[in-house]
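K.L.:
I am attaching a structure below and will ask some questions about it afterwards.
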Amino acid sequence: MGCNNLNNQDRVYLPCRQDGVEVKEYLYKYIEREFPEAKDGKNAVYSIPSKFKNRGERQASLAEEVVFTRLSGLVKTTRLDGLWMTFFHSASYAGHSFRNQRVGKLMIREHDFVIFAKYHGKYYAALVEVKSTFDGTKTINNVNVTSDAKVIKNNKRSAQHQLRDHMEVLQGVLELNPNEHLIECFIMWPFLSAITRDPKQQTMNRWKEDSNLHVFEHTLSDQHNFDHWFIDNVLAANGMNENHFVTLLNRYIVLSCGVFVDEINDGMMALMNKEQLEVLRNDLCARPGRGPLVVHGAAGTGKTLLVIKKLQQLYEMGELDEKNRALYICYWPGIKCELEQKLKILGIDGFVDTARFYISQTGFLQRNNKVYKHIFMDESEAVCLSFDSSIISKTLSTIFQRYHDGNCSYMNCQGRNNSNYSLNNCKNVQDSTNKWGELWFLVDINQASLFLPKHSPQVLKTPAIVLNKVMRSTGYIFNIFKQYYSNPMPKLPKTMLARMNLNDIQIGHDISGPPIFWVNTDNSIKDTTQTVVNVVIDLCATKGFKPNDVCIIPFLVNDKFAPEAINSEIDQHFVENGYRPRGVGDVENFLNNREVNDFLIAWALRVKGLEFKVVIMVVEDDDFDANDSEDRRKTYIIASRCTCMFILVCTKSVKHDIDLFNVVEQYPFSIKI
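The opening residue of the sequence shown carries number 153 in the working numbering; numbering runs sequentially from there.
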């Protein structure tokens with residue numbers, strides 16, 4: 153996987169197409185293109201992921217970072233010319249266990265490092281387990297958890313067992329006998345000395361009976377020493393034939409699909425377009441006459457992201473502090489929860505209050521008497537869901553009043569306690585010497601059907617800026633939900649549709665991403681619940697996706713897809729008490745805790761404003777009507793939650809109704825367990 157290059161050439165993505173071309177052929181071309189051979193006597197070293205990512209306990213992560221850095225550093229060694237190497241960090245996989253009571257059950261295991269190297273016509277593969285054990289013989293920055301002899305011995309045994317289990321699986325993949333050792337195995341100890349003491353306190357080499365199995369601190373603390381070790385131990389081994397090498401390399405490329413999707417996602421997150429910059433730089437609220445700043449934009453155009461960036465900008469400019477506070481308002485609790493987390497990470501949560509507005513009850517901000525320098529109302533279109541015009545009016549007038557009172561310096565201003573949602577009664581708005589704060593209303597214009605009631609506020613219908621470039625999703629996903637954005641209500645007369653002010657949208661980058669995948673439920677002998685579970689297990693257990701990246705969104709709320717039902721089915725396939733994906737139904741609980749094995753199961757409206765790298769949309773037969781405006785709106789919401797990989801689980805007829813341009817491809821891997 154990778155994104156389109158500067159020449160906008162199409163990339164081949166994994167999982168790849170099933171029909172017409174063998175997977176091996178795609179893998180061969182993919183590796184040749186993404187990880188080219190070394191040229192002109194130089195070395196070529198690639199890592200997956202491309203940059204080290206901290207994970208787990210701090211000292212353990214530091215130890216793995218040392219090894220990652222040393223392996224990456226081989227690209228610069230002058231002792232080698234023409235080395236090609238690709239190494240994988242934290243590749244995980246599920247395999248069947250055949251020990252004791254676990255016969256036939258799945259276990260998920262994780263490598264620390266897997267190394268593939270080619271040098272002067274020979275092929276090498278090595279497995280590395282890393283231990284963060286520290287014996288305290290040397291001062292090492294940020295390393296302070298020391299271990300006694302018993303702990304060191306236990307860690308050694310643990311690493312040996314891990315290597316043994318990995319080797320058993322790979323020998324099965326290559327159809328080797330147990331005594332055929334084509335893959336080298338090493339245990340690396342970045343913080344452990346090679347010298348120890350015997351019971352008589354005499355110095356001696358640690359574990360010298362294990363030959364070259366162990367790599368200690370002296371070797372790993374210096375790149376020059378590590379280069380020597382690599383040449384003398386990895387490249388001096390017997391190696392393996394090319395077929396075995398390619399088979400194993402292909403295996404780990406497929407296991408790393410999730411990593412490649414991560415990097416597609418990171419690449420899109422780094423992008424910012426001209427319209428977004430215009431929002432950040434806009435001074436409408438500071439000018440005489442004031443705002444508000446009304447921003448229209450489809451899902452994925454970066455509306456909430458811009459609020460966060462603006463708050464960060466205000467803080468850095470000294471315009472957000474205890475005396476100049478901000479209020480963020482939204483409708484759905486999930487987006488509020490996620491924004492609070494991001495504000496905390498930025499260290500500005502102490503100056504920003506958050507609140508939800510409601511559509512069926514009065515009392516907005518009733519328990520909060522504060523006034524605010526800055527107010528941002530996200531998901532503003534949702535206020536129009538209310539059938540009570542007084543609730544809409546009171547909500548907006550409260551916002552304008554709190555904003556006015558947080559900015560106007562005139563104690564007897566007619567704008568104070570104003571029941572209108574405007575600043576027209578305030579003389580201070582024309583005073584250019586007074587700098588007012590930000591007042592933003594962010595509107596998803598696709599929800600234009602909500603503006604049809606006569607009591608819909610005019611202020612939300614007139615944007616100062618329109619965001620029309622979708623940044624969140626890949627090109628394939630964008631094309632799916634654009635069809636519902638552009639024509640939300642097929643049964644509506646075109647004259648009425650024309651009044652909705654639906655601006656055209658386009659993709660804001662050239663990242664096509666993986667195709668949309670489809671799992672056919674027509675001929676499944678299992679019910680849909682089992683099919684969905686099999687897809688989740690395949691993604692998390694054999695393709696390298698982290699459960700946190702996955703969200704299942706059933707088209708209709710159904711007990712078959714409740715977390716309890718999904719988890720019960722998952723448990724059938726895994727060893728007791730072993731690591732396995734676990735479905736969570738409470739959005740706020742998922743966002744706040746994000747246990748490493750949690751994935752979310754939620755209905756469409758509960759995840760509005762959120763995004764996930766992988767979305768599985770589950771549609772039972774007869775649940776979907778392509779001409780129904782509510783069904784189209786729901787499909788738009790579901791598809792637009794997805795950044796990188798969108799998977800449809802449905803019948804052929806539903807797939808046909810959604811796949812208007814015949815671009816959805818059948819899920820290319822077996823989901824049989």
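Glycine included, every Cβ here is placed at the ideal spot set by N, Cα and C.
When you compare the CB positions of V671 and V801, do they come within less than 8 Å of one another, or not?
P.N.:
yes
K.L.:
Run through the segment 408-496 for me and flag every whole alpha helix (DSSP H) of 4 or more residues, listed as ranges in chain order.
P.N.:
409-421, 426-433, 455-468
K.L.:
Helix, strand or coil, according to DSSP, for E327 in the structure here?
P.N.:
Look at E327 here: in three-state DSSP terms it is coil, with no helix or strand label.
K.L.:
Taking the alpha carbon of G234 as the point to measure from, which residue in V398, L344, V748, L387 has its own alpha carbon closest?
P.N.:
L387
K.L.:
For a test of the three-state rule: what should DSSP assign to E531, helix, strand or coil?
P.N.:
coil
K.L.:
Between the C-alpha atoms of A389 and Y271, what's the straight-line distance to the nearest angstrom?
P.N.:
12 Å
K.L.:
In terms of residue numbering, what span does the beta strand (DSSP E) encompassing W670 cover?
P.N.:
Its beta strand (DSSP E) spans residues 669-672.
K.L.:
I believe I544 touches C536 by the beta-carbon criterion, under 8 Å. Please report the beta-carbon distance rounded to the nearest angstrom.
P.N.:
7 Å
K.L.:
Could you give the distance in angstroms between the alpha-carbon of I292 and the alpha-carbon of Y198?
P.N.:
Cα to Cα, I292 sits roughly 28 Å from Y198.
K.L.:
Nearest-angstrom Cα distance between A693 and Y245?
P.N.:
5 Å
K.L.:
Around the C-beta of I597, are 16 or more other C-beta atoms found within 10 angstroms, so that it is buried, or is it exposed?
P.N.:
buried
K.L.:
Quick check: S781 and M641, are their CB atoms within less than 8 Å of each other?
P.N.:
Here S781 is near M641, since their CB atoms are less than 8 Å apart.
K.L.:
Would you grab the beta carbon distance between F593 and T547 for me? Rounded to a whole angstrom, and I think it's under 8 Å.
P.N.:
Taking C-beta atoms under 8 Å as the contact rule, F593 and T547 fail to qualify, at a distance of about 11 Å.
K.L.:
Taking only three categories from DSSP, how would you classify V173?
P.N.:
With a pLDDT of 38 at V173, under the threshold of 50, the modelled position of this residue cannot be trusted; read the value that follows with caution. In this structure, V173 counts as coil in the three-state DSSP scheme.
K.L.:
To test your reading of the DSSP string, which unbroken beta strand (DSSP E) runs of 3 or more residues are found completely within the segment 666-752?
P.N.:
669-672, 702-706, 734-736
K.L.:
Please state whether the Cβ-Cβ distance between N631 and V815 is less than 8 Å.
P.N.:
Contact: yes.
K.L.:
For the candidate residues H333, N744, Q314, S284, whose alpha-carbon lies nearest to that of A277?
P.N.:
H333
K.L.:
In the structure shown, what three-state DSSP assignment does C536 receive?
P.N.:
helix
K.L.:
Between the alpha carbons of V413 and N700, how many angstroms are there, rounded?
P.N.:
13 Å
K.L.:
State the Cα-Cα distance for the pair I834 and D809, rounded to the nearest angstrom.
P.N.:
Nothing in the structure corresponds to residue 834, since the chain is present only between 153 and 825.
K.L.:
Who are D505's beta bridge partners in DSSP?
P.N.:
L479
K.L.:
Please confirm if the segment 461-473 is in contact with the segment 489-506, defined as three or more CB-CB distances below 8 Å between the two stretches.
P.N.:
They touch, by the three-pair rule.
K.L.:
Please report how far the alpha carbon of E590 lies from the alpha carbon of L463, in whole angstroms.
P.N.:
10 Å
K.L.:
Which one of P440, V266, E533 has the shortest CA to CA distance from L851?
P.N.:
No answer is possible for residue 851: it lies beyond the span of the chain, which begins at 153 and ends at 825.
K.L.:
Closest to Q682 by C-alpha separation, out of K698, D656, I659, P715, would be which residue?
P.N.:
P715
K.L.:
Is the beta carbon of L407 sitting closer than 8 Å to the one on K181?
P.N.:
Contact flag unset, no.
K.L.:
So, helix, strand or coil for L644, using DSSP?
P.N.:
coil
K.L.:
List the endpoints of the continuous alpha helix (DSSP H) containing A212.
P.N.:
210-225
K.L.:
Just to confirm my understanding: we take G391, look at its own chain, exclude 5 residues before and 5 after, and list those with CB closer than 6 Å. What are they?
P.N.:
K274, Y275, Y276
K.L.:
Taking Cβ to Cβ, would you say S299 is nearer than 8 Å to D287?
P.N.:
Going by C-beta atoms, S299 is nearer than 8 Å to D287.
K.L.:
By a C-beta neighbour count over all protein chains shown, 10 Å radius and 16 as the cutoff for buried, is T626 buried or exposed?
P.N.:
buried
K.L.:
Would you give the residue range spanned by the alpha helix (DSSP H) that E369 belongs to?
P.N.:
369-372
K.L.:
Let me confirm a value: I823 is counted as buried when at least 16 other C-beta atoms fall within 10 Å, else exposed. Which label applies?
P.N.:
buried
K.L.:
Return the first residue and the last residue of the beta strand (DSSP E) that T626 is part of.
P.N.:
From DSSP, T626 is part of no beta strand (DSSP E); its letter is neither H nor E.
K.L.:
Does DSSP classify H396 as helix, strand or coil?
P.N.:
When secondary structure is reduced to three states using DSSP, H396 falls in the helix class.
K.L.:
Going by the CB atoms, is the gap between A346 and S284 shorter than 8 Å?
P.N.:
No Cβ-Cβ contact shorter than 8 Å links S284 with A346.
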